[in-house]
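Undergrad:
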Amino acid sequence: MDGLFPELPKELKSLSDSELSDLLAQHLKAAELIDAEDVEYLRGLPADEVIAQYEKGALSIMALREEVQAREAAAETYTNRKAEISQSIQQPKAEEDAGDGTDGEGEGEGEGEGDGAEGEGEGDGEAAPEPEAEAEVETPAEDREPALVASDAEPEKPRMIRTAPPPPAEDRIVVQEREPLAFIASGLVPSLTPGTKITTGAEMGDALRRMMDSLGRPSKSREGREDKYRVATLDFSRNFPDDRVLLASDVAGNAEKIAKIGSPYFGRDSLDVLLASGGLCAPLEPIYTIPQLAVRDRPVRDALPSFRAQRGGINVPTPGTIADVGGAITVITESEDALGGTFATKACLDFDCPAYTETAVTVISHCREFGNLVAMSWPEFVANQNDLTMAGHARIAEQYLLDRIKAQSVQVTGGLATLGALIHLVNLIEEAEFGIRSRLRMPNEARFQLLAPRVLLDMLLVDTVGNQFDRYRTEGDIRDYLASIGVDVTWYMDSPSSGTSQIADAAQAIGGIDGFPTAYQMAFFPQGTFLHLDMAELNLGIVRDSTLNSTNDFQIFGETFENVARIGPAQAAYWITATLCGNGEFPDTGTAIACS
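Heads up, the final residue of the sequence shown is numbered 670 in the numbering used here, and it's a clean run with no missing numbers.
(1) Helix, strand or coil, according to DSSP, for residue 279 in the structure here?
(2) In its own chain, which residues sit with a C-beta less than 7 Å from the C-beta of residue 248, not counting the 5 before and 5 after it?
(3) Would you call the stretch 380–393 and the stretch 430–450 in contact, with 3 or more CB pairs under 8 Å?
(4) State the start and end residues of the unbroken alpha helix (DSSP H) segment that holds residue 461.
(5) Alpha carbon to alpha carbon, what distance is there between residue 650 and residue 487?
(6) What did DSSP end up calling residue 305 once you bin it into helix, strand or coil?
(7) Would DSSP call residue 175 helix, strand or coil?
(8) Using DSSP with H/G/I as helix, E/B as strand and the rest coil, what is residue 519?
(9) Pull up the distance between the alpha-carbon of residue 490 and that of residue 574, whole angstroms please.
(10) Excluding the 5 residues preceding and the 5 following residue 449 in the sequence, name in chain order all residues of the same chain whose CB lies nearer than 6 Å to its CB.
(11) Would you give the residue range spanned by the beta strand (DSSP E) that residue 391 belongs to?
(12) Whose CA, out of 362, 605, 475, lies closest to the CA of residue 458?
(13) Mind checking residue 103: buried by the 16 CB within 10 Å criterion, or exposed?
(14) Would residue 85 be called buried (16 or more neighbouring beta carbons within 10 Å of its own) or exposed?
(15) Can you tell me which of the three DSSP states residue 615 falls into?
(16) Residue 600 by DSSP, collapsed to three states: which one?
(17) Can you give me the C-alpha to C-alpha distance between residue 132 and residue 474, rounded to a whole angstrom?
(18) Once DSSP output is grouped into helix, strand and coil, what is the label at residue 213?
(19) So for residue 81, helix, strand or coil by DSSP?
(20) Grouping DSSP H, G and I as helix and E and B as strand, with all else coil, what is residue 111?
(21) Three Cβ pairs or more, each shorter than 8 Å: is that satisfied between the stretch 513–528 and the stretch 594–614?
(22) Could you tell me which residues DSSP pairs with residue 374 in its beta bridges?
(23) Suppose you measure from the CA of residue 550 to the CA of residue 520; what does that come to, to the nearest Å?
(24) The beta strand (DSSP E) with residue 529 in it runs from where to where?
(25) What residue range is occupied by the uninterrupted alpha helix (DSSP H) comprising residue 124?
(26) Please determine if the stretch 463–473 and the stretch 560–570 are in contact, where contact requires at least 3 C-beta pairs separated by less than 8 Å.
(27) Would you grab the beta carbon distance between residue 590 and residue 533 for me? Rounded to a whole angstrom, and I think it's under 8 Å.
(28) Quick check: the Cα distance between residue 127 and residue 371, rounded to an integer number of angstroms?
(29) Between 82, 114, 93, which lies nearest to residue 137 when the distance is taken from Cα to Cα?
(30) Ignore the nearest five residues each way along the sequence and tell me which others in residue 90's own chain have a CB closer than 8 Å to its CB.
(31) Three-state secondary structure (DSSP) at residue 705?
(32) Since residue 402 and residue 421 are thought to touch, with beta carbons under 8 Å apart, how far apart are those beta carbons, to the nearest angstrom?
(33) Quick check: the Cα distance between residue 274 and residue 302, rounded to an integer number of angstroms?
(34) Return the chain-ordered list of same chain residues with a C-beta closer than 7 Å to the C-beta of residue 261, the five sequence neighbours on each side being excluded.
(35) To the nearest angstrom, report how far apart residue 560 and residue 380 are at their CA atoms.
(36) DSSP on residue 567, reduced to helix/strand/coil?
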């Protein structure tokens, strides 16, 4: 096993009794070794890891014990019930002596005429009255029902006569029918268990009589007073059968259906069934599962190369660019070389030690506190809140990474609202790519990364459907086009903390729909310029201590250790703030476009 405790199967019921016992013994032995601080068994694990695994193992031990207890209880119930059934079919010895060997129990239905015939029986343990010896009539063998009969040679070993069982009585045949409407007795009716079904008018009248008797004589008041006491509520289902559906095209059929449920307007025969007085007395059924829409996606983190920061961070030297080595290059013509001396002096550039930039991981934690009672009675609520918390953690962590990229990039602006958004976006991308590729003398095949807000994609789709051309109509079309010009795009879901927000407000106000942002923030850089530092994630799971125990609470705690480090030069990363408008405008044919 990889941990300190063996893994539990998904279903404990799949284990045999011996396998369940062995697994519980292994867990208890592991707990013993942990309590004894067995060095060999603990294998040098850190204290927090031991505690985490011990907590998990303790929960497993409790689950195993509950399964063992449940099986023991089931076995005891089985044994007791079997003994009760066996006792119910035992015939007293006095009756055996007087019965002349006839069976007192029947498994199906038996009917006979005269005093000596078998009574009606259905296997419910009630023996038919013993006939008198002189009135006994023997049942023909072919009509005899299956029964346990004794052998003359071995009376102590009864055998089962295997014949086809008789068909069940009509009242024993299970028919899948809709359960009739029934009133459910409240807890106020004396001598009537709460929840008892009241299906007839006589039963309801009896319940009302009991209620009136318990209340005594009514009290009188000058102002008048109305007292109401709930006798019963109606158990009603919204799954209407055919006989409860009224059709506009079937007037006669509707009247017949109404008469069947009990209406004085359709004769006295229709009063056999108590008519509901209307209204919904019972509380509505709650839905414990809470819808959850937020996700934990981390597109910014996933778009960057991620490395494990084993020591809590990295120390990166500041990279130089081609502009830093101009003093190391000398161009000397043939005539200058012939003159010699100062005319042919070749420059040589000394080096300077680069400055180093330290980037340590940042702690981004999440913690929720719940009551033990809430967790046990409404686990769906705890799960919903935990999912929301993790989605909130993802939003804050993504915002932090965007802020770090923005702080380490050159801040540039661009874009106009005159032509369509896609035109200006492509113009910005190509100009930025030209500047970075040219200044750093990068190869033509180098690819670039664009981090753009998801709302920009929405606006580009509006922009492209607004023009006269049938192209770039889908997200895939736009992504493929950008990829064709050497740009891999990642649509981030959140927003940096400064500048125009790239996400909507917390709520939509009454009135016009909130529009797109007035400006869009994007990061643009060669692939690999930024690294995501990851020092793993610490999830303590459920946390309890003496303080929390005193308030009957627990916490769910976890944290990530992460950051972004730039390993490329400063001129390799642009943070673009662009003004774009999804108006679908294209220049008229023959119109010159002014260049900025």
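All residues carry an ideal CB built from backbone N, CA and C; glycine is no exception.
TA: Reading from the atomic positions:
(1) Along the sequence shown, read from residue 1 onward, the residue named residue 279 stands at position 205. Residue state, collapsed to three classes: helix.
(2) Within the sequence shown, the letter at position 174 stands for residue 248. Per-residue confidence for residue 248 stands at a pLDDT of 47, beneath the threshold of 50, marking its modelled position as unreliable; the derived number appears in the next sentence. Around residue 248: no qualifying Cβ.
(3) Below 8 Å, enough C-beta pairs join the stretch 380–393 and the stretch 430–450 to call them touching: three or more.
(4) Translated into positions along the sequence shown, residue 461 becomes position 387. Looking at the DSSP string, the run of the alpha helix (DSSP H) that includes residue 461 is 453–481.
(5) As a first step, residue 487 must be located in the sequence shown, where it is residue number 413. As a first step, residue 650 must be located in the sequence shown, where it is residue number 576. If I take the Cα positions, the gap works out to 5 Å.
(6) Along the sequence shown, one-based indexing puts residue 305 at 231. Residue state, collapsed to three classes: coil.
(7) Your numbering for residue 175 matches position 101 in the sequence shown. Because the pLDDT of residue 175 is 48, which lies under 50, any placement of that residue in the model is unreliable, and the question is left without a value.
(8) Counting from 1 along the sequence shown, the entry for residue 519 is found at position 445. Three-state result, residue 519: coil.
(9) The residue you call residue 490 lines up with position 416 of the sequence shown. The residue you call residue 574 lines up with position 500 of the sequence shown. C-alpha separation (whole angstroms): 16 Å.
(10) For the purposes of this step, residue 449 is taken as the residue at position 375 of the sequence shown. These residues qualify, in order along the chain: 456.
(11) Reading the sequence shown from its first residue, position 317 is the one you call residue 391. Counting along the chain, the beta strand (DSSP E) containing residue 391 begins and ends at 387–391.
(12) In the sequence shown, the residue the question calls residue 458 occupies position 384. Residue 458 has its Cα closest to that of 362, out of 362, 605, 475.
(13) Position 29 of the sequence shown holds residue 103. Exposed, since its Cβ has fewer than 16 Cβ neighbours within 10 Å.
(14) Within the sequence shown, numbered from 1, the residue matching residue 85 stands at position 11. By the neighbour-count rule (16 or more Cβ atoms within 10 Å), residue 85 is not buried but exposed.
(15) Taking the first residue of the sequence shown as 1, we reach residue 615 at position 541. Strand, per DSSP.
(16) For the purposes of this step, residue 600 is taken as residue 526 along the sequence shown, with counting starting at 1. Residue 600: strand per DSSP, three-state reduction.
(17) Mapped onto the sequence shown, residue 132 falls at position 58. Mapped onto the sequence shown, residue 474 falls at position 400. Taking C-alpha positions only, residue 132 is separated from residue 474 by approximately 38 Å.
(18) Mapped onto the sequence shown, residue 213 falls at position 139. With a pLDDT of 44 at residue 213, under the threshold of 50, the predicted position of this residue should be treated as unreliable, though the coordinate-derived value follows. Residue 213: coil per DSSP, three-state reduction.
(19) Counted from its first residue, the sequence shown places residue 81 at position 7. In the structure shown, residue 81 sits in coil (DSSP, three-state: anything other than H, G, I, E or B).
(20) Reading the sequence shown from its first residue, position 37 is the one you call residue 111. Correct three-state label for residue 111: coil.
(21) yes
(22) If you number the sequence shown from 1, residue 374 lands on position 300. Per DSSP, none; premise fails for residue 374.
(23) On the sequence shown, residue 550 is found 476 positions in, with the first residue counted as 1. On the sequence shown, residue 520 is found 446 positions in, with the first residue counted as 1. Whole-angstrom Cα-Cα distance: 22 Å.
(24) Reading the sequence shown from its first residue, position 455 is the one you call residue 529. No beta strand (DSSP E) holds residue 529; the alpha helix (DSSP H) holding it covers 528–539.
(25) To locate residue 124, count along the sequence shown from 1; it is residue 50. Residues 121–162.
(26) Of all C-beta pairs linking the stretch 463–473 to the stretch 560–570, three or more are shorter than 8 Å, placing the two stretches in contact.
(27) Position 516 of the sequence shown, counted from the start, is the residue given in the question as residue 590. Position 459 of the sequence shown, counted from the start, is the residue given in the question as residue 533. Sure, about 5 Å apart at Cβ, within 8 Å.
(28) By one-based count along the sequence shown, residue 127 stands at place 53. By one-based count along the sequence shown, residue 371 stands at place 297. If I take the Cα positions, the gap works out to 28 Å.
(29) Indexing the sequence shown from 1 puts residue 137 at position 63. Looking at the Cα atoms, 82 is the closest of the given residues.
(30) By 1-based counting over the sequence shown, the position of residue 90 is 16. The beta carbon of residue 90 is closer than 8 Å to none in its chain, skipping five residues each way along the sequence.
(31) This structure gives no information on residue 705, because the portion of the chain shown stretches from 75 to 670.
(32) Mapped onto the sequence shown, residue 402 falls at position 328. Mapped onto the sequence shown, residue 421 falls at position 347. Contact holds; Cβ gap of about 7 Å.
(33) For the purposes of this step, residue 274 is taken as the residue at position 200 of the sequence shown. For the purposes of this step, residue 302 is taken as the residue at position 228 of the sequence shown. Cα to Cα, the separation comes out at about 22 Å.
(34) Numbered from its first residue, the sequence shown carries residue 261 at position 187. Correct list, in chain order: 268.
(35) Translated into the one-based positions of the sequence shown, residue 560 becomes position 486. Translated into the one-based positions of the sequence shown, residue 380 becomes position 306. Between residue 560 and residue 380, the C-alpha separation is close to 22 Å.
(36) Position 493 of the sequence shown holds residue 567. Coil.
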